[in-house]
Amino acid sequence: MDTEFADVIGHDVTTITCLCGNTVSKEGLIQANSQGVPVYAGNDSPVPAGLAAWPDDEDLYTLCPACGRVYHDTIIEATGTAPVSFQVDVTAGPVAEAIRVHWELNS
Ligand SMILES: [Zn+2]
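Start counting at 1 in the sequence shown, then tack on 1, and there's your number in this note's numbering.
This is how it looks when you write it as structure tokens:
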């Protein structure tokens, strides 16, 4: 399968328009780890149940919570393009739970 690309402006991951049409200002985009699990961006410990810890190597991904496509921030920042790295199931399992917790903390 050919790699799909989302639209992105000026190497800025917050400007992604996902292939499904979602953006930061629609359903939002969530910072995630290399498994696509939303990470906890706060400073409190422990990390809230359900969320992943902030990666030690700062290797972050951007998850579209609408369709589960995941983009690699490093690639976007380096190239100004947003290829889909992989896709996760946002309807069930740990990613769905992490998304729920993320919005609970950020509402
Ligand atoms: Zn999407």
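Ideal Cβ positions, reconstructed from N, Cα and C, are used throughout, including at glycine.
These figures come from a predicted structure and were not determined experimentally.
Quiz item: Should Val-71 and Val-85 be called a contact, given that it needs their Cβ atoms to be closer than 9 Å?
Solution: yes
Quiz item: In this structure, does DSSP put Pro-95 in helix, strand or coil?
Solution: helix
Quiz prompt | Buried versus exposed, by CB contacts within 10 Å (16 or more), Gln-32 | solution = buried
Quiz item: Any chance the CB of Ala-67 is under 8 Å from a heavy atom of ligand 1?
Solution: yes
Quiz item: Quick one: what's got a C-beta closer than 7 Å to Ile-77's C-beta in the same chain, skipping five residues either side?
Solution: Val-9, His-12, Val-14, Ala-83
Exercise. Note down the Cα distance separating Gly-81 from Gly-94, rounded to an integer number of angstroms.
Key: 32 Å
Practice problem: Identify whether Val-48 lies in helix, strand or coil by the three-state DSSP scheme. | Solution: coil
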